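**Q** Right, I'll just put the structure down here and ask away after.
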Amino acid sequence: MSEFLEFLQDVPVVGILRDIPQGSESLCAETAAKCGLKAIEVTMNTNSAAEIISALKSAAKPFGIRVGAGTVRNMRDLKAALDAGAEFIVSPNTVESVIRACAQRNVPDIPGALSPTEVQNAYDWGATCVKIFPANCVGGPSYIKALRGPFRDIPLLACGGVSKENAGDYLRSGANLVAFGASIFKPDFMRANDWETIGKNLSEFLRAVKDR
Numbered sequence: 026m027s028e029f030l031e032f033l034q035d036v037p038v039v040g041i042l043r044d045i046p047q048g049s050e051s052l053c054a055e056t057a058a059k060c061g062l063k064a065i066e067v068t069m070n071t072n073s074a075a076e077i078i079s080a081l082k083s084a085a086k087p088f089g090i091r092v093g094a095g096t097v098r099n100m101r102d103l104k105a106a107l108d109a110g111a112e113f114i115v116s117p118n119t120v121e122s123v124i125r126a127c128a129q130r131n132v133p134d135i136p137g138a139l140s141p142t143e144v145q146n147a148y149d150w151g152a153t154c155v156k157i158f159p160a161n162c163v164g165g166p167s168y169i170k171a172l173r174g175p176f177r178d179i180p181l182l183a184c185g186g187v188s189k190e191n192a193g194d195y196l197r198s199g200a201n202l203v204a205f206g207a208s209i210f211k212p213d214f215m216r217a218n219d220w221e222t223i224g225k226n227l228s229e230f231l232r233a234v235k236d237r
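What follows is the structure, encoded as structure tokens:
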């Protein structure tokens, strides 16, 4: 098991920040730390994503939270993410050049895949873990369980429609990690600076994961 997966073993969750307003990084890091979240990705299609990644990484460092980049779809995105200091990379798609570049740099990489062939290719090219996305559109936990038959050695992250109600189902079905996004990090809440509600929802999600 990779060091990154070991780091997340007790809290196997990645939070996805899409459209977080610049300037909210400290409150985000404090909320995540209070609730126990250990990994956050900032999507590269967020305005000022590189600057937010850098600021959030600084704010999260005292809490031991790792900050990565999400929606890394090509080498241009990867360069911008790494230049900003991203500690791990997440993609919605399977791009060989991105996966191999991360492997060469020893940067944890979680590319998106859906078909069995994509899952195998991503792992062969050096993925740390493979993101099954959108998991909810192809059977949810039952699809993860089906993949576990032939792919017992490949770490999987379930993403897409993961909630406090079904996160435990995904993990029991064989997912190593789960990810959530706007269901908790709602752009409207972030714009309203309502980190109290975000924290409440995040705590409930993580409690459901721990109680699985």
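The sequence shown runs 26 to 237 under the numbering used here.
Cβ atoms here follow ideal geometry from the backbone N, Cα and C, with glycine treated the same way.
Nothing here was measured: the structure is a model prediction, and the numbers come from that model.
1) Taking buried to mean at least 16 other C-beta atoms within 10 Å of its own C-beta, is Lys59 buried or exposed?
2) Please list the segments of the beta strand (DSSP E) lying wholly inside the stretch 66 to 94, counting only runs of 3 or more residues, in order along the chain.
3) Can Ser51 and Ala84 be called in contact, C-beta distance under 8 Å?
4) Starting from the C-beta of Lys156, find all residues in its chain whose C-beta is less than 6 Å away, skip the five residues before and the five after it, and write them out in chain order.
5) State buried or exposed for Cys162, treating a residue as buried only when at least 16 other CB atoms are found within 10 Å of its CB.
6) For Phe230, which of helix, strand or coil comes out of DSSP?
7) Pick helix, strand or coil for Ile209, following the three-state DSSP scheme.
8) Which residue wins for smallest C-alpha separation from Lys189, given the options Arg197, Phe214, Leu103 and Glu229?
9) Any heavy atom of the ligand GDP inside 7 Å of the beta-carbon of Val132?
10) Does DSSP classify Leu52 as helix, strand or coil?
11) Does the stretch 54 to 74 come within contact of the stretch 101 to 109, defined as at least 3 CB pairs closer than 8 Å?
12) For the alpha helix (DSSP H) holding Ala109, just list the boundary residues, first then last.
13) Would you kindly work out how many angstroms separate the C-alpha atoms of Pro117 and Phe158, rounded to a whole number?
14) Tell me the DSSP bridge mates of Cys184?
15) Quick one: measure Cβ to Cβ for Thr153 and Ser27, integer angstroms, because I've assumed they're closer than 8 Å.
16) Could you tell me the boundaries of the beta strand (DSSP E) in which Gly40 lies?
17) What is the rounded straight-line gap between the Cα of Cys53 and the Cα of Ile77?
**A** Judging by the given coordinates:
1) Start at 1 with the first residue of the sequence shown, and residue 59 comes out as number 34. By the 16-neighbour rule on beta-carbons within 10 angstroms, Lys59 is exposed.
2) Those beta strand (DSSP E) runs which fall completely within the stretch 66 to 94 and span 3+ residues do not exist here.
3) To locate residue 51, count along the sequence shown from 1; it is residue 26. To locate residue 84, count along the sequence shown from 1; it is residue 59. Against a cut-off of 8 Å, the Cβ pair of Ala84 and Ser51 comes out as a contact.
4) Here the question's residue 156 lines up with position 131 in the sequence shown. Around Lys156: Ile135, Gly137, Leu182 and Cys184.
5) As a position in the sequence shown, residue 162 is number 137, starting the count at 1. By the 10 Å Cβ count, Cys162 comes out exposed.
6) Working through the sequence shown from its first residue, we reach residue 230 at position 205. Helix, per DSSP.
7) Within the sequence shown, numbered from 1, the residue matching residue 209 stands at position 184. Reduced to three states, the DSSP call for Ile209 is coil.
8) Residue numbering aside, residue 189 sits at position 164 when the sequence shown is read from its first letter. Here the closest residue by C-alpha is Glu229.
9) In terms of ligand content, the structure shown is empty, and the ligand GDP therefore cannot be addressed.
10) Sequence index remark: in the sequence shown, residue 52 carries index 27 (1-based). Helix.
11) The answer is yes - the stretch 101 to 109 touches the stretch 54 to 74, with three or more Cβ pairs under 8 Å.
12) Within the sequence shown, the letter at position 84 stands for residue 109. Membership of Ala109 in any alpha helix (DSSP H) is not indicated, and neither H nor E is assigned to it by DSSP.
13) Here residue 117 corresponds to residue number 92 of the sequence shown, with the count starting at 1. Here residue 158 corresponds to residue number 133 of the sequence shown, with the count starting at 1. Approximately 7 Å, taken between the alpha carbons.
14) As a position in the sequence shown, residue 184 is number 159, starting the count at 1. Paired residue(s): Ala204.
15) The sequence position of residue 153 within the sequence shown is 128, counting from 1. The sequence position of residue 27 within the sequence shown is 2, counting from 1. About 5 Å; that satisfies the 8 Å criterion.
16) Residue 40 sits at position 15 when you count from the first residue of the sequence shown. From DSSP, the beta strand (DSSP E) with Gly40 extends over Val38 to Leu42.
17) Taking the first residue of the sequence shown as 1, we reach residue 53 at position 28. Taking the first residue of the sequence shown as 1, we reach residue 77 at position 52. Taking the straight line joining both Cα atoms gives about 11 Å.
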